[in-house]
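A.B. asks: In this note's numbering, the protein residues as written are 203 to 542. Got a structure for you, questions after.
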């Protein structure tokens, strides 16, 4: 069995053919798609977070709303950019959303990707200390967030509080038991995957990673997963980790699918630069008749290695069509691969 969820970037705008024309559309349709995906038997509803963009930006109100509207499906992010986050305030928001959802949050966090503005985190009041990079700052924020999620008291209580305090040092409230084990790190390199394993975070690996060996994307991603698993074992954690990969996968089962995705022009990896120093490899998309998809996905080493597959969805095509995309994979592809 493999968990299968969707990942939405939550794009919105008045472009031709868009059914998601405003921020309200993006948010409300995200809730509706999560409800539809749960009804179809999907396992997860995940959302990407970008700032200064016409996309989903502030995740916790959305996660809480999805949690209130659903009862079974996992609800997550892939990923929250930790350069922008106050770890303690984030812990409060995350704890509240997780309690509303009944302990179903799966929060993916990372150092983030290039954003719409230069050093956007500065506008949020954050700046790396002297001698540290923005990536160092993101990892420091992540470590502080993980520490707070342990639920241990650290704040000195006021001797004359407005309301009575429990004994001892105080922790951030509300606290949600078990959330610490449901934090994932979105790693683009093998080294950060190993670092995440040491801290006991689950692993998210997306449709791009640092091009470290020149091999095919899925091979490099599978090598990253294996390095992560070795580091996890060496760290001696007392549970098995979760590992997800993201893919754009479309089963061509009707004329709409063929019109949107049947061109066959996204069937190879691509090379690019996510900044002036980092050469990245972008994984291919999959769009084919179900029998062809089954053969292609069976040969994807990283998909085989992961326990969770996130289907990136074209959210601006609307809830009904994206529910169809998810249902086509669950019905026509997953059973043949032993995922259902």
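Beta carbons are placed, not taken as given, at the ideal position from N, Cα and C, and that holds for glycine.
Specify, as a first and last residue, the run of the beta strand (DSSP E) that residue 518 falls within.
C.D. replies: From DSSP, residue 518 is part of no beta strand (DSSP E); its letter is neither H nor E.
A.B. asks: Quick one: grab the DSSP three-state call for residue 434.
C.D. replies: helix
A.B. asks: Is the beta carbon of residue 390 closer than 9 Å to that of residue 300?
C.D. replies: no
A.B. asks: Is DSSP giving residue 328 helix, strand or coil here?
C.D. replies: Coil.
A.B. asks: Inspect the beta-carbon positions of residue 509 and residue 444 and report whether they are closer than 9 Å.
C.D. replies: In terms of Cβ geometry, residue 509 and residue 444 form a close pair [threshold 9 Å].
A.B. asks: How about residue 268 and residue 232: are their beta carbons less than 9 Å apart?
C.D. replies: Yes; because the gap between Cβ atoms is below 9 Å, this pair is in contact.
A.B. asks: For residue 506, tell me which candidate among 298, 361, 427, 488 has the shortest Cα-Cα distance.
C.D. replies: 427
A.B. asks: What separation, rounded to the nearest whole angstrom, lies between the Cα atoms of residue 309 and residue 204?
C.D. replies: 19 Å
A.B. asks: Thinking C-beta only, is residue 405 closer than 9 Å to residue 296?
C.D. replies: no
A.B. asks: Which class does residue 295 belong to by DSSP, given the choice of helix, strand or coil?
C.D. replies: Note: residue 295 maps to helix in three-state DSSP.
A.B. asks: Measure the beta-carbon distance from residue 340 to residue 314 and round it to whole angstroms, keeping in mind my assumption that it falls under 8 Å.
C.D. replies: 6 Å
A.B. asks: Apart from the five residues on each side of it in sequence, which residues of its chain come closer than 6 Å, Cβ to Cβ, to residue 356?
C.D. replies: 371
A.B. asks: Residue 400 lies in the beta strand (DSSP E); which residues open and close that run?
C.D. replies: Residue 400 -> not in any beta strand (DSSP E); alpha helix (DSSP H) instead, spanning 392-400.
A.B. asks: Please classify residue 394 as buried or exposed, where buried requires at least 16 other C-beta atoms within 10 Å of its C-beta.
C.D. replies: Looking at its Cβ environment, which holds 16 or more other Cβ atoms inside 10 Å, residue 394 is buried.
A.B. asks: Measuring straight from C-alpha to C-alpha, what distance separates residue 247 and residue 318?
C.D. replies: 25 Å
A.B. asks: Could you tell me the distance, in whole angstroms, from the CA atom of residue 479 to the CA atom of residue 212?
C.D. replies: 28 Å
A.B. asks: Report all residues from its chain with a CB closer than 7 Å to the CB of residue 496; omit the five preceding and five following residues, and keep chain order.
C.D. replies: 535, 538, 539
A.B. asks: Helix, strand or coil: how does DSSP classify residue 227 here?
C.D. replies: helix
A.B. asks: Do the stretch 416-430 and the stretch 358-368 make contact, defined as three or more Cβ pairs closer than 8 Å?
C.D. replies: no
A.B. asks: Going by Cα to Cα distance, which pick from 227, 253, 258, 441 is closest to residue 209?
C.D. replies: 258
A.B. asks: Return the chain-ordered list of same chain residues with a C-beta closer than 8 Å to the C-beta of residue 515, the five sequence neighbours on each side being excluded.
C.D. replies: 208, 209, 210, 235, 524, 527, 528
A.B. asks: So is residue 284 buried or exposed if we call it buried at 16+ other beta carbons inside 10 Å?
C.D. replies: buried
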